[in-house]
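>
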Amino acid sequence: MTAGIERLAVYVPSFSLPLAELARARGVPPEKMTQGLGVEAMAIAPPCEDVVTMAATAGARLLRAAGIDPDTIGMLLVATETGVDNAKPVAIFVHELLGVGRRCRVYELKHACYAGTAGLMTAADWVRAGGGRPRRALVIAADIARYALGSPGEPTQGAGAVAMLVGAEPKALALDEETGTYADNVYDFWRPIGRREALVDGKYSVECYLEALAGAFTAYRAGERPLLGPDEALADRLTRLLYHTPFPKMAMKAHRRLVELDWRAAPARWARVGPGVEDAAVASYREAVAPGLAAVARVGNTYTASLYLCLASLLEAEGAGLAGRRLGLFSYGSGCCAEFFTGTVSPDVAAVADAGVGDVLARRTVIDVAEYERLAGAGEAGGEPPPGFMGEFVLHGIRNDRREYGRVRAALAA
Ligand code: HMG
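Yeah, the sequence shown ends on 1306 if you go by my numbering, and it's all consecutive.
(1) Among residues of its own chain, excluding the 5 on either side of V1258, which ones have a beta-carbon nearer than 7 Å to its beta-carbon?
(2) State the start and end residues of the unbroken alpha helix (DSSP H) segment that holds P1159.
(3) Check whether the segment 981-988 touches the segment 938-946, counting contact only when three or more Cβ pairs, one atom from each stretch, lie closer than 8 Å.
(4) Once DSSP output is grouped into helix, strand and coil, what is the label at G896?
(5) Could you tell me whether the segment 929-937 touches the segment 1223-1233, where touching means 3 or more Cβ pairs closer than 8 Å?
(6) Indicate whether P1189 and P1140 have their beta-carbon atoms separated by less than 7 Å.
(7) Just to confirm, does Q927 get its C-beta within under 6 Å of one of the non-hydrogen atoms of ligand 1?
(8) Does the distance between the C-beta of S1205 and the nearest non-hydrogen atom of ligand 1 fall short of 6 Å?
(9) Please confirm if the segment 1148-1163 is in contact with the segment 1118-1128, defined as three or more CB-CB distances below 8 Å between the two stretches.
(10) What three-state label does DSSP hand I984 in the structure shown?
(11) Following a CB-centred definition, is A1104 positioned closer than 6 Å to any heavy atom of ligand 1?
(12) Say yes only if the C-beta of Y1101 is nearer than 6 Å to one or more non-hydrogen atoms of ligand 1, and no if none qualify.
(13) Under 6 Å: does the beta carbon of E923 sit that close to some heavy atom of ligand 1?
(14) Taking Cβ to Cβ, would you say A1029 is nearer than 7 Å to M967?
(15) Looking only at its chain, what residues have a beta carbon closer than 6 Å to the beta carbon of H1288, apart from the 5 residues adjacent to it on each side?
(16) Buried or exposed: where does L1206 fall if 16 or more other Cβ atoms within 10 Å of its Cβ makes it buried?
(17) At 3 residues or longer, what runs of the beta strand (DSSP E) sit wholly inside the segment 1207-1290?
(18) Under 6 Å: does the beta carbon of G1225 sit that close to some heavy atom of ligand 1?
(19) How far does the alpha helix (DSSP H) with R1020 in it reach, from first residue to last?
(20) Taking all protein chains shown into account, do 16 or more other C-beta atoms lie within 10 angstroms of the C-beta of P1035, making it buried, or fewer, making it exposed?
(21) So, for D1293: in the same chain, excluding its five sequence neighbours on each side, which residues have a beta-carbon less than 6 Å away from its beta-carbon?
(22) Taking just the CA atoms, how far does L900 sit from M893?
(23) On the criterion of 16 or more Cβ atoms from any shown chain inside 10 Å, does L989 qualify as buried, or is it exposed?
(24) Strictly by DSSP, which residues pair up with Y903?
(25) If you compare alpha carbons, which of A1242, A895 and G1283 is closest to G1024?
(26) Short of 6 Å in beta carbon distance, which residues of its chain neighbour P1277, apart from the five on each side in sequence? Order them along the chain.
(27) Over what stretch of residues does the alpha helix (DSSP H) that includes T945 continue unbroken?
(28) Among G1213, Y1264, G1094 and L1214, which has the Cα closest to the Cα of M934?
(29) Report the rounded CA-to-CA distance for V1098 versus E1170, giving the unit in angstroms.
(30) Confirm the yes/no value for this check: CB of G1024, any heavy atom of ligand 1, distance under 6 Å.
(31) If we call anything under 7 Å between Cβ atoms a contact, is A1204 one with V1019?
(32) What residue does the beta strand (DSSP E) around Y1195 start on, and which one ends it?
(33) Pop quiz: Y1224 and H1147 are said to be a contact at Cβ under 8 Å. What is the actual Cβ separation, rounded to whole angstroms?
(34) By the three-class DSSP mapping on this structure, what secondary structure does A1303 have?
(35) Along the alpha helix (DSSP H) that carries G1094, what are the first and last residues, could you check?
(36) Residue ranges of each alpha helix (DSSP H) run of no fewer than 4 residues wholly in the segment 1117-1158, ordered along the chain?
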């Protein structure tokens, strides 16, 4: 039975810090961040915003755009590694803010940046298991990526949420059932309970990511149907490749590894693209990967939402041009678990391609390093939304260890 993504909606916080400015403040050549990592700017959340308000805003926009009655949602999953409570799930706050009905399975998922994919796969399987019953799930991936000020991870922060409607009429992307998975217990990136900023073994995390890519892609390649011929590249069956993107250069490294693996399996075919793996990877990256990176380069790492921000921005930019085409997606969550999967863009994609990415990025307010450092120090205390705030919900504050949320007044949210 067909299952997949019917529509996506994106929300990104209102503030944006240009990376060239951060580089200057840290005494680093700006090119190291803008070219070495490939990041132009990162999204910064104000104190009135947390993962609940971001997820709810993306969810509200999605339900409105799709014209869906919240009461028809039978499963609501929020994937995040920026949870706000050790027991109470982000998803139940979102459930209330969106007005989803009581006959709904609601929970939060965590596995670093992999949780969004875990949510998507769970929801797609649940839709398939329903047989002919009309099942519809709302899966929201949302995160705030935070590292210590001045640390190597600092330029790879960001924030955002992507909401996906998962059902049996996937007008955005129909998911193939076969996937390739990989898991290993590694200490590449972690955030002990009570810490706000993540700890990371940066260079090792890049190695872990690439190792997991090799495992998941190889598993997928072996299970691909119809079977690949002896000199057939899997990349030839995929028009675009999207990767979990903590920073755009990581997607380039990932694609190089994928081409190397595909090359080993189909050397004569790849040799026609370039004289060596390096040239072939560069040529194929330009065509198949770079088009999906425009938004992440301006938002930064959104952890578990990152892959889906790439998907939303790709469909929004290319829409009808990709109708009927197959995409490859790679999800990586530190710790680690990874999955390579594929899907086909619907012939009707043009009707659902607008995920609000261009709009939300165009309306952001640029801040300087002093303001960014002030916001980083302020934390998530809650309060009044700042001028230019684009979210629809705010964290009013925390009283008696209970978080209080509400809707932003209509004039502010417009
Ligand atoms: P670093 O030490 O700042 O940077 O750490 P570097 O010295 O490795 O330089 C970065 C690149 O800039 C290099 O390019 C340099 O050559 C280049 P590469 O060799 O890699 O192609 N460079 C320059 N380019 C132009 N002009 C210059 C210049 N100078 C240097 N002047 C690191 C980089 C990624 C390690 C750091 O930012 C970090 O720790 N980030 C956080 C961890 C991370 O993002 N890891 C990615 C894989 S793990 C993952 O994706 C999961 C994650 O999202 C979490 C989750 O699962 O929840 C993180």
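Glycine included, each C-beta is placed from N, C-alpha and C at the ideal position.
Here's the rundown:
(1) Walking along the sequence shown from the start, residue 1258 turns up at place 366. So the qualifying residues of the chain are S908 and P910.
(2) As a first step, residue 1159 must be located in the sequence shown, where it is residue number 267. Counting along the chain, the alpha helix (DSSP H) containing P1159 begins and ends at P1159 to A1163.
(3) Judged by Cβ distances under 8 Å, the segment 981-988 makes contact with the segment 938-946, as three or more pairs qualify.
(4) The residue given as residue 896 occupies position 4 in the sequence shown. Looking at G896 - three-state DSSP - the assignment turns out to be strand.
(5) Segments in contact, no.
(6) To locate residue 1189, count along the sequence shown from 1; it is residue 297. To locate residue 1140, count along the sequence shown from 1; it is residue 248. Note on identity: in this sequence residue 1189 is Ala, with Pro being the wrong assignment. Result yes, Cβ atoms of A1189 and P1140 sit closer than 7 Å.
(7) Start at 1 with the first residue of the sequence shown, and residue 927 comes out as number 35. Yes, the Cβ of Q927 comes within 6 Å of a heavy atom of ligand 1.
(8) What you label residue 1205 is simply residue 313 of the sequence shown in a count that begins at 1. S1205 Cβ: outside cutoff for every heavy atom of ligand 1.
(9) At 8 Å Cβ cutoff, the stretches touch.
(10) Indexing the sequence shown from 1 puts residue 984 at position 92. In the structure shown, I984 sits in a helix (DSSP, three-state: H, G or I).
(11) For this step, residue 1104 is matched to residue 212 along the sequence shown. Closer than 6 Å to some heavy atom of ligand 1: that does not describe the Cβ of A1104.
(12) Working through the sequence shown from its first residue, we reach residue 1101 at position 209. Yes, the beta carbon of Y1101 sits closer than 6 Å to at least one heavy atom of ligand 1.
(13) Stepping through the sequence shown from its first residue, residue 923 is reached at position 31. Under cutoff, so the answer is yes.
(14) Within the sequence shown, numbered from 1, the residue matching residue 1029 stands at position 137. Within the sequence shown, numbered from 1, the residue matching residue 967 stands at position 75. Between A1029 and M967, the CB-CB gap stays under 7 Å.
(15) Here residue 1288 refers to the residue found at position 396 of the sequence shown. In the same chain as H1288, and ignoring 5 residues on each side of it, the C-beta atoms closer than 6 Å to its own belong to G1274, E1296 and G1298, in chain order.
(16) By one-based count along the sequence shown, residue 1206 stands at place 314. Burial call: buried.
(17) Complete beta strand (DSSP E) runs here, min 3: 1218-1225 and 1229-1237.
(18) By one-based count along the sequence shown, residue 1225 stands at place 333. When distances are taken from the beta-carbon of G1225 to the heavy atoms of ligand 1, the shortest one is below 6 Å.
(19) Counting from 1 along the sequence shown, the entry for residue 1020 is found at position 128. First-last of the alpha helix (DSSP H) with R1020: A1007 to A1021.
(20) The residue labelled residue 1035 in the question sits at position 143 within the sequence shown. For the sequence presented, residue 1035 should be read as Asp rather than Pro. D1035 comes out buried.
(21) Numbered from its first residue, the sequence shown carries residue 1293 at position 401. Here the set comprises nothing.
(22) As a working mapping, residue 893 is identified with position 1 in the sequence shown. As a working mapping, residue 900 is identified with position 8 in the sequence shown. Their Cα atoms are separated by approximately 21 Å.
(23) The residue you call residue 989 lines up with position 97 of the sequence shown. So L989 ends up on the buried side.
(24) Counted from its first residue, the sequence shown places residue 903 at position 11. Answer by DSSP bridge pairing, in chain order: A1053.
(25) Numbered from 1 along the sequence shown, position 132 holds the residue referred to as residue 1024. Cα-wise, what sits closest to G1024 is A895.
(26) Residue numbering aside, residue 1277 sits at position 385 when the sequence shown is read from its first letter. Shown here for P1277: same chain residues with a beta carbon closer than 6 Å to its own, the five before and five after excluded, namely C940, V1286, V1300 and L1304 in chain order.
(27) For the purposes of this step, residue 945 is taken as residue 53 along the sequence shown, with counting starting at 1. For T945, the uninterrupted alpha helix (DSSP H) run begins and ends at V943 to A958, by DSSP.
(28) Along the sequence shown, one-based indexing puts residue 934 at 42. Considering only alpha carbons, the answer is Y1264.
(29) In the sequence shown, the residue the question calls residue 1098 occupies position 206. In the sequence shown, the residue the question calls residue 1170 occupies position 278. Put simply, the backbone Cα of V1098 is about 18 Å away from that of E1170.
(30) The sequence position of residue 1024 within the sequence shown is 132, counting from 1. No, Cβ of G1024 sits at least 6 Å from all heavy atoms of ligand 1.
(31) Numbered from its first residue, the sequence shown carries residue 1204 at position 312. Numbered from its first residue, the sequence shown carries residue 1019 at position 127. For A1204 and V1019, no; Cβs fall outside 7 Å.
(32) One-based indexing of the sequence shown puts residue 1195 at position 303. Note, Y1195: premise wrong, no beta strand (DSSP E); not H, not E.
(33) Against the sequence shown, residue 1224 aligns to sequence position 332. Against the sequence shown, residue 1147 aligns to sequence position 255. For Y1224 against H1147, the beta-carbon gap comes to about 13 Å, at or over 8 Å, which does not count as contact.
(34) Along the sequence shown, one-based indexing puts residue 1303 at 411. No answer about A1303 holds up, because its pLDDT of 45 lies below 50 and its placement is not dependable.
(35) Locating residue 1094 in the sequence shown gives position 202, counting from the first residue. Per DSSP, G1094 belongs to the alpha helix (DSSP H) from G1094 to G1115.
(36) Counting only runs of 4 or more residues that sit fully inside the segment 1117-1158, the alpha helix (DSSP H) segments are 1140-1157, in chain order.
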